[in-house]
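For reference, the structure discussed in these notes is given below.
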Amino acid sequence: MYTFAVRDEGSSVYNALTKLIEADANWKRLKKGNPKANLIFLERNNQPFWKFGHQPGLKQLTNYYRGSEVICRKVKLVSVLAHHFALKNQDIFQWLPESFIIRPIQNLEKYAAMKSKKPRALEKVTDERGEFMKAFERHRNSGRGEAWIAKSSTGAKGEGIIISRSPDDLISAIENQPEPHIVQKYIEKPLLLSGQRKFDVRCWVVLDHEYNIHLMKEGVLRTSSDAYDEDNLTRITSHLTNHCIQEEQSANFGKYEEGNEMFFAEFDGFLKKKYGTSMVDKILPQIRMIVKECLLAIKEDINTDHLSYQSFQVFGFDFMIDAAFKVWLIEINGAPACAKRLLPQLTSGIFNMVIKQVFPSDIACDEQAGDCTEECAFETL
Ligand code: ADP
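Here it is as structure tokens:
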């Protein structure tokens, strides 16, 4: 008999997974705060890792890798990938749109005040506004577009995003904010769906307890409801594909796809019919490579090989595809929600590929506890 505790009661993924585990006679649920459970579902913002792995003979598994947030914050992702590619002597902006870290003046002043006390901490404080201005000119002079997008480091749901062709407007908008931002090259020529609409692509990835990377074969396109308008960068519903923005601000929400979600099979059909190509040929190889590269970039720092507890984690990788079928990484979410239709595949996958591997069952798999072949919903990279 194994024990589990659920500290995150607000996550649809862990609520669904909890139901699967509760239906399995091998498991018993303990109180929320019990640090001695075998399996512990931590909250996104409260992860007391130091409490685990101290009980002699108690095998423990948590649902986060300690330190993984470095790829889930926009500013840190740029720093991590810059370091990773510098070591390989490669260009960082192969599939990450060219991005620069910009800190508001008040943020820089705060660090300057700390200078005498913590000079080493300051070594990590980057502000790349000079580099951004040079890149802006370079793109403009070579006819590669003048639009850039500014996003705050921990921003979500499209809040506070600015798209502009004026570097001064972008920088002055950042100056008034408390947080560091990235200014990123805006993908001005995205691949468009019927109705000339933009989309982004969400893929779910399970990083298991042995650091194997499992990409869910199904994913979803989050579509915009209004036609893309390259000339009007302020029409937010044609430029930002966040579900909440589309739902709250577009009168056309749900007009083309239910809930503005298109699943891979339908997108594949669109690619075949309109362009004579497919996900398998053009898109998936790029997605696989990017996912792998990002997770391997932090493997040395976050793997649990030397620890006395184990981890797994679900990531949501967001991509855009441009008109030349090139895939670009937009962001990585370390605690993603899951499209309702895909939730059973994701949770059975975690149960079978991770939890049952770490804690083998002596009692036969219950019907309700998920089909034991669900791992075929994933491919291992
Ligand atoms: P948030 O975390 O606030 O959702 P994202 O980085 O995911 O921020 O960006 C929100 C949306 O903005 C994306 O879903 C996409 O539609 C659009 N977007 C983000 N970055 C770019 C980019 N570099 N080029 C074009 N569109 C982008």
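For any residue, its number in our numbering is found by taking its place in the sequence shown, counting from 1, and adding 717.
Ideal Cβ positions, reconstructed from N, Cα and C, are used throughout, including at glycine.
Note that this is a predicted model, so its numbers are computed, not measured.
query: Residue environment, ALA1040, which counts as buried when at least 16 other CB atoms sit within 10 Å; result: exposed
query: Identified DSSP bridge partners for PRO907; result: ASP1039
query: Proximity winner among GLY727, GLN894 and LEU1060, relative to TRP921 (alpha-carbon distances); result: LEU1060
query: C-beta atoms of ILE1007 and VAL1044 nearer than 8 Å; result: yes
query: Distance cut-off 7 Å: ASN959 Cβ against heavy atoms of the ligand ADP; result: yes
query: Range of the contiguous alpha helix (DSSP H) that encloses LEU887; result: 884–892
query: Sub-8 Å separation of ARG919 and GLY1033 beta-carbons; result: yes
query: LEU734, DSSP secondary structure in three states; result: helix
query: Beta-carbon proximity check, TYR903 vs ALA852, cutoff 8 Å; result: no
query: Beta-carbon spacing of HIS956, LYS906 below 8 Å; result: no
query: Nearest-angstrom Cα separation, counted from GLU965 out to SER941; result: 12 Å
query: In DSSP terms, what TYR928 is bridged to; result: DSSP output for TYR928 lists no bridge partner at all.
query: Range of the contiguous beta strand (DSSP E) that encloses ALA867; result: 865–869
query: Nearest neighbour of HIS898, chosen from SER883, LEU908 and ILE879 [CA to CA]; result: ILE879
query: Spatial distance of LEU813 from ARG855 (CA atoms); result: 17 Å
query: Reduced DSSP category for LEU804 - H, G, I as helix; E, B as strand; rest coil; result: helix
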